[in-house]
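Colleague: Here the sequence shown stands for residues -20 to -1, 1 to 726, where the numbers follow mature numbering (1 follows the signal peptide of the UniProt record, and there is no 0).
Take this structure, written in structure tokens, and hold onto it; I'll ask about it next.
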Amino acid sequence: MAAIVVLAVGVAARPSPALAANGDLVQQTNFAQSCSSGIGVGIAFDGKNLWYSCYRSSPDLVKADPITGAVLASYTVAGGLGALAWDGNRKKIWAGWGGAGTDGDVRLVDPATGTGTVVFNAPDAGAVDEIDDGLAYDAQDDSLLISPDTSTTIYHYSAAGAGLGSFAWSGSGCYNSGLAIGGQLLFQGSDGCNHVWVVNRSTHAPAFDFATGAGGVRDEDLECDSVTFSPKTVMWSVEAYEPRRAIAFEIPPGSCATGGGVDSDGDGLLDEWETGGVTIDPDGAGPIAPQFTDLPAMGADKNKPDIFVQIDWMADATHNQKLSAAALKRVVDAFAASPYVSPTGSVGINLHIDEGSSSIMNYATNTTWGSRSKANQLAYVANLGTSGAGGYDWSAFQALKDANFTPTGRTPIFHYVIAAHNYDSTTSSGISRGIGASDLIVSLGSFTGGTGSDSEQAGTLMHELGHNLSLRHGGGDDTNYKPNYLSIMSYGFQMSGVIKGGAAGTLDYSRSALGSLNENSLSEPAGIGAAGYGTRHWCPTPAPGAYVAVNNAGGAIDWNCNGNSTETGVVFDVNHDGANGTLNGFNDWSNLKLKGGAIGLAGVTPDLPMTTENNETMTPEEEQKSPPASRYAFTGFFSPVDSPPTLNVAKAGSAIPVKFSLGGDQGLDVFAAGSPASQQVTCDSGAPVDDIEQTAGPGDATLSYDPVTDRYTYVWKTAKSWAGTCRQLTVTFNDGTQRSAGFRFK
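Okay, here's the thing in structure tokens:
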């Protein structure tokens, strides 16, 4: 490996950035002060200065300039310290066992005074030979990882000292040495082998490894530094013995942030990325140069979660699958208005969608993405990819992604969307690359106008993005069409939106976990208790059936669709999935997982699935099962008329008062043209019957409203010639909904 620069004590010039490979030497710093024991263990970087520790020495903690090695301060904390780690949240230094005090003590040191306090004792990681060689602070879950000397096990503790388990070290041929973390990767050093192994912080799966350092240097503790040689990211390693020195070697840019990788708002984008931008190398040692993404200029906020999305769209001379500006704004507004509460206490999520240079980056100022846009128009194909035995094959998508998105360096930052015509030779509206992902397809070529309406575009984008954020069709489960789950993730609301305030069209994930519904014992008066909202449930009549809308989900619901909403103990398959069971509510917003797929995973090629289950069946035919929501809260017919299946018995030629409620005074212009209407039907001899009392006498059909009872009355004039027949009266309202009642005339 080529050494880029070596500077000795007293040389103040900083090296200029240059391309290098993992492990290449960037800096060797000789410190001006030795350890009295001749043994040094720890290294920490506070964003400006280096700190190193000494085993069984006084002083045992030294602050130094990272370039010149000049000593800026020194302290005796305990008479001996082990490995160090800078805590970017507390702005303090964690120190492991180093020969003083009780074996296994872990201290927190105030860098301003050098005062150290034992926070906890780590008996499971009790140091061998009285030294902790490696210590890493993980800001993402406020925990510590400890690597004892002459060990092959890494121990995990909360910052309060609770044991969180252990795992085997990934290296071979040497014992443990230093540890460092500052993002989604954990770096593990080796005791005397000049080699670093890198694993995923969550799964501990190996990511990559590389040789390090300079000749004659025995690596001990490790610490990330994304500041001193920016835009490079380096790893500092301290020499175990004299002369007292540290080396900085190249690691993938953006792969390890200072201070344990502080992510204050929990969005997977580190604070230092959101305040200063981030440089990412898209292909490691490949030909593509590292790419800088100016997140602050794009509106990133370290104190409020940000989700970034890039949409590439397919088009040719006769097709254009680009999503409309109106649809994008609706989704952006939905996230901004969300009740999501971040770790900082902020409410809402900033959604940033790049769909080309003219798309809006900041809706408050109408600033467009301009030259910051990396979105592309793609060559049109009628069908993107195919499925095999394991599900949808993402190879065709990945090829487009590798050519158009990966080179931008945005992979750890942006969700990637392709707006296509169709995929997998289906008419499905879209698909996500798994539950907890960062890729998705919107495919509305078979919907309204070959592109989908604004509502279909907005609903589908938010639906598939929800899968990326770990939501399922039932929130926490895969059960679709649950009436007690009011979310765009349900097919009942994906295309037309959640019903709120008596009208459909609200783009939203569910905001609360409504009570469970037992389909073997439903209470119609209880409904779902969702005041201010509406819902949908399955009604088999009129054939072929539909997920009918109920505008007022805070009141009674006619679960079995018989026109009567007073029954209890009702057995009915209200979501029409072929089984009667318990349907559970779910709070989507409080269960979002913002770090799915490749988000936050800088410095390594993400291991994304190439095949995923193809369970998206939202097609134009499926959309038709959820007809437009009624603007009226029809609650059934009232005496003397009974709702189906009861057959009303009346005298032919009489005037029948047909009474119903629409949830308040809706005016007298509520009927559609030609409504009400009746037609002769075959008499059902098995239907229950109810005699209607003779009215005062036939007359002209009229409609009236009584505000005291909140009931409409339509006086229906019947004909004497209907005697001996059965008829169905159908009332069609001007919102397109229909209600019927059956009659037998004598």
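For glycine and all other residues, C-beta sits at the position ideal for the given N, C-alpha and C.
Closer than 8 Å is the cut-off here; do at least three beta carbon pairs connect the region 57 to 64 with the region 77 to 88?
Modeller: With a cut-off of 8 Å, the region 77 to 88 and the region 57 to 64 count as touching, because enough Cβ pairs lie within range.
Colleague: Taking the Cβ atom as the reference point for each residue, do N531 and Y461 lie within a distance shorter than 8 Å?
Modeller: Cβ atoms of N531 and Y461: not closer than 8 Å.
Colleague: Is it buried or exposed for I268, if we count other Cβ within 10 angstroms and need 16 for buried?
Modeller: So I268 ends up on the exposed side.
Colleague: With DSSP as the reference, label W518 as helix, strand or coil.
Modeller: If DSSP states are grouped into helix, strand and coil, W518 belongs with the strands.
Colleague: First and last residue of the alpha helix (DSSP H) that includes Q474?
Modeller: Segment Y471 to Q474, the alpha helix (DSSP H) holding Q474.
Colleague: Given F147, which residues of its chain have a CB within under 8 Å of its CB, disregarding the five upstream and five downstream residues?
Modeller: Within the same chain, F147 has close Cβ partners T133, I134, H136 and H184.
Colleague: Quick one: what's got a C-beta closer than 6 Å to G169's C-beta in the same chain, skipping five residues either side?
Modeller: Counting only Cβ-Cβ distances below 6 Å, and skipping sequence neighbours, we find S157, G158, V176, D199 and L202.
Colleague: Give me the Cβ distance between A24 and A53, rounded to the nearest whole Å; I'm assuming they're in contact under 8 Å.
Modeller: No, A24 and A53 are not in contact; Cβ-Cβ is about 13 Å, not under 8 Å.
Colleague: Considering G439, what are the terminal residues of the alpha helix (DSSP H) in which it resides?
Modeller: That run of the alpha helix (DSSP H) goes D434 to N448.
Colleague: What ranges does the beta strand (DSSP E) occupy inside the region 613 to 662, keeping only unbroken runs of at least 3 residues that lie completely in it?
Modeller: Counting whole runs of 3 or more residues, the region 613 to 662 contains the beta strand (DSSP E) stretches 627 to 630, 635 to 640 and 657 to 661.
Colleague: Which residues in the same chain as E603 place their Cβ atom closer than 6 Å to its Cβ, once the five residues preceding and following it in sequence are excluded?
Modeller: These residues qualify, in order along the chain: M475.
Colleague: Per DSSP, what kind of secondary structure is T192 in: helix, strand or coil?
Modeller: It is coil, neither helix nor strand.
Colleague: Output needed for G577: all residues of its chain with C-beta closer than 8 Å, excluding positions within five of it in sequence on either side, in chain order.
Modeller: Here the set comprises H395, R413, G414, G416, A417, S418, D419, N448, P586 and L588.
Colleague: Which residues bound the alpha helix (DSSP H) around L61?
Modeller: Unbroken run through L61 is the beta strand (DSSP E), L61 to D67; no alpha helix (DSSP H).
Colleague: In terms of alpha-carbon separation, which member of A142, K697, V42 and A493 lies closest to I73?
Modeller: I73 has its Cα closest to that of V42, out of A142, K697, V42 and A493.
Colleague: Ordered along the chain, which non-local residues of its own chain (more than five positions away) have a Cβ less than 8 Å from that of C706?
Modeller: Cβ neighbours of C706 beyond the five flanking positions: L627, Q660, V661, T662, C663, D664, G722, F723, R724 and F725.
Colleague: For the alpha helix (DSSP H) containing K309, name the first residue and the last one.
Modeller: A305 to A316 is the extent of the alpha helix (DSSP H) around K309.
Colleague: Going by beta-carbon coordinates alone, are Y35 and A44 separated by less than 8 Å?
Modeller: Cβ distance not < 8 Å, so Y35 and A44 don't count as in contact.
Colleague: Taking 7 Å as the cut-off, is the C-beta of D45 nearer than that to any heavy atom in the ligand SAM?
Modeller: No copy of the ligand SAM appears in this structure; indeed no ligand is present at all.
Colleague: According to the neighbour-count rule (16 or more other Cβ atoms, all chains shown, within 10 Å of its Cβ), is G429 buried or exposed?
Modeller: By the neighbour-count rule (16 or more Cβ atoms within 10 Å), G429 is not buried but exposed.
Colleague: With a Cβ-Cβ cutoff of 8 Å, do I508 and I537 count as a contact?
Modeller: In this structure, I537 lies closer than 8 Å to I508 by Cβ.
Colleague: Let me confirm a value: K575 is counted as buried when at least 16 other C-beta atoms fall within 10 Å, else exposed. Which label applies?
Modeller: Result: buried.
Colleague: Buried or exposed: V621, going by 16 or more other Cβ atoms within 10 Å of its Cβ?
Modeller: The residue is buried, with at least 16 neighbouring Cβ atoms inside 10 Å.
Colleague: According to DSSP, is G679 part of a helix, a strand, or is it coil?
Modeller: With a pLDDT of 46 at G679, under the threshold of 50, the predicted position of this residue should be treated as unreliable, though the coordinate-derived value follows. It is coil, neither helix nor strand.
Colleague: Within the same chain, show all residues whose beta-carbon is closer than 6 Å to that of P387, passing over the 5 residues directly before and after it, in chain order.
Modeller: Closer than 6 Å at the Cβ level, and outside the excluded window around P387, lie P262 and I268.
Colleague: What does a CB cutoff of less than 8 Å around Y513 pick up in its chain, not counting 5 residues either side in sequence?
Modeller: So the list reads L466, V478, I479, K480, A533 and G534, once near-sequence residues are dropped.
Colleague: What is the rounded straight-line gap between the Cα of T717 and the Cα of G482?
Modeller: Roughly 14 Å between the two C-alpha positions.
Colleague: Report the rounded CA-to-CA distance for D281 versus Y343, giving the unit in angstroms.
Modeller: Using only the alpha carbons, I get a separation of about 15 Å.
Colleague: Anyone know if the C-beta pair for F229 and V21 falls short of 8 Å?
Modeller: It is not a contact, given that the beta carbons lie outside the stated cut-off.
Colleague: By Cβ distance, which residues of its chain are closer than 7 Å to S338, with the 5 residues on each side in sequence left out?
Modeller: T348.
Colleague: Going by DSSP in three states, L52 sits in which element: helix, strand or coil?
Modeller: Strand, per DSSP.
Colleague: Tell me the residue span of the alpha helix (DSSP H) that contains A379.
Modeller: First-last of the alpha helix (DSSP H) with A379: S375 to N384.
Colleague: Excluding the five sequence neighbours on either side, which residues of its own chain have a C-beta within less than 7 Å of the C-beta of N2, listed in chain order?
Modeller: Only F190, E230, I231 and P232 meet the Cβ criterion.
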